[in-house]
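Single-structure report; data block below.
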Amino acid sequence: MIEILNPAELAKARRSGALVADILQSLKSRSTVGTNLLDIDRWAQAMITLAGAESCYVDYAPSFGRGPFGHYICTAVNDAVLHGLPHDYKLADGDLLTLDLAVLLDGIAADSAISFVVGDSKPAESLALIDATERALAAGIAAAGPGARIGDLSHAIGSVLSAAGYPINEDFGGHGIGSTMHQDPHVSNAGRPGRGYRLRPGLLLALEPWVMVGTAELITDADGWTLRSATGSRTAHSEHTIAITDDGAEILTLPTPGE
């Protein structure tokens, strides 16, 4: 299903996006050395509930997971990159943490992810990974607009990741979003320009470049959810929800000024 939002629904999407971004920034500031991943999940639950929103993850049960997910946020550490199931783990100095959050507010969902290094130690490899995914995300957004095709976005994202020297896994990527978290069209993190669905104003997309050092192969944890680098190498993941407008693309998952 591909949804095209009307102006009233787009206004709701802006509120959903701001909520997701503000929660992520709050959680980032509280994620310090010694923080338990289960505490991050509880903090996310409290903020979602206080805002009158719903988690897109608690009852999430796709065919590839051992569902339902049962938590409010994805917490992926170091070699974990996607669908990180919160568990009893205390963050250490230098850990690379990815927080991925999707909520539904007033019937419209928004989805975003951030990666950052915890503590004072800042390994160069981790910072390079994060930088590559953020630059790839910016390139994908810059390529988006009415009349552009999905392949244009995928090519822009993939060109940045490949130039940075990272292999690209195409099994998981970006997606349409609206009244539900995951919709068509799929947005691969590599592709050919000029191919695929033509973008229209009112379409929401969640773009999410992610990479792993030296491999494109994933393995699944015993928890049935957490996806890790097959070689144990570090990973990073950046994501924004955007709206296609009459003259480009609007990023919906930016923090409220001052947050």
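Reminder that position 197 of the sequence shown reads as 197 in the UniProt record's numbering, one-by-one numbering, no gaps.
For each residue, glycine too, the CB sits at the ideal point set by N, CA and C.
Computed from a predicted structure; not experimentally measured.
Report buried or exposed for residue i, applying the criterion of at least 16 other Cβ atoms within 10 angstroms of its Cβ.
i, result
"Arg195", "exposed"
"Gly6", "Looking at the sequence shown, residue 6 is not Gly but Asn. Exposed, since its Cβ has fewer than 16 Cβ neighbours within 10 Å."
"Ser16", "buried"
"Ala163", "exposed"
"Ser31", "buried"
"Gly84", "buried"
"Asp111", "buried"
"Thr49", "exposed"
"Pro68", "exposed"
"Ser115", "buried"
"residue 275", "With the chain covering only 1 through 259, there is no way to say anything about residue 275."
"Pro86", "buried"
Run through DSSP, which three-state label would residue i get?
i, result
"Gly151", "helix"
"Met47", "helix"
"Lys90", "strand"
"Thr235", "strand"
"Gly140", "helix"
"Arg15", "helix"
"Gly174", "strand"
"Leu85", "coil"
"Ile244", "strand"
"Ser63", "coil"
"Ala216", "coil"
Since residue i and residue j are thought to touch, with beta carbons under 8 Å apart, how far apart are those beta carbons, to the nearest angstrom?
i, j, result
"Ile4", "Ala144", "Actually they do not touch by this definition, with Cβ atoms about 15 Å apart."
"Ser154", "Ser188", "5 Å"
"Ile150", "Pro201", "15 Å between Cβ atoms; not a contact."
"Leu137", "Pro209", "5 Å"
"Leu204", "Leu105", "Between Leu105 and Leu204 the Cβ distance is about 13 Å, and since that is not below 8 Å, they are no contact."
"Lys28", "Gly107", "So it is not a contact: roughly 27 Å between Cβ atoms."
At least 3 beta-carbon pairs within less than 8 Å: the stretch 218 to 231 vs the stretch 109 to 129 | Judged by Cβ distances under 8 Å, the stretch 218 to 231 makes no contact with the stretch 109 to 129, as fewer than three pairs qualify.
Spell out a yes or no on whether the stretch 85 to 93 and the stretch 17 to 25 are touching, meaning 3 or more CB-CB pairs, one atom from each, closer than 8 Å.
-> With the cut-off at 8 Å, the stretch 85 to 93 and the stretch 17 to 25 do not touch.
The stretch 224 to 243 touching the stretch 76 to 84, judged by at least three CB pairs closer than 8 Å | The stretch 224 to 243 is in contact with the stretch 76 to 84.
Taking one C-beta from the stretch 162 to 169 and one from the stretch 101 to 118 each time, how about it: are there three or more such pairs within less than 8 Å?
-> With a cut-off of 8 Å, the stretch 101 to 118 and the stretch 162 to 169 do not count as touching, because too few Cβ pairs lie within range.
Count the CB pairs spanning the stretch 52 to 60 and the stretch 200 to 220 that are closer than 8 Å, and state whether there are at least three.
-> They do not touch, by the three-pair rule.
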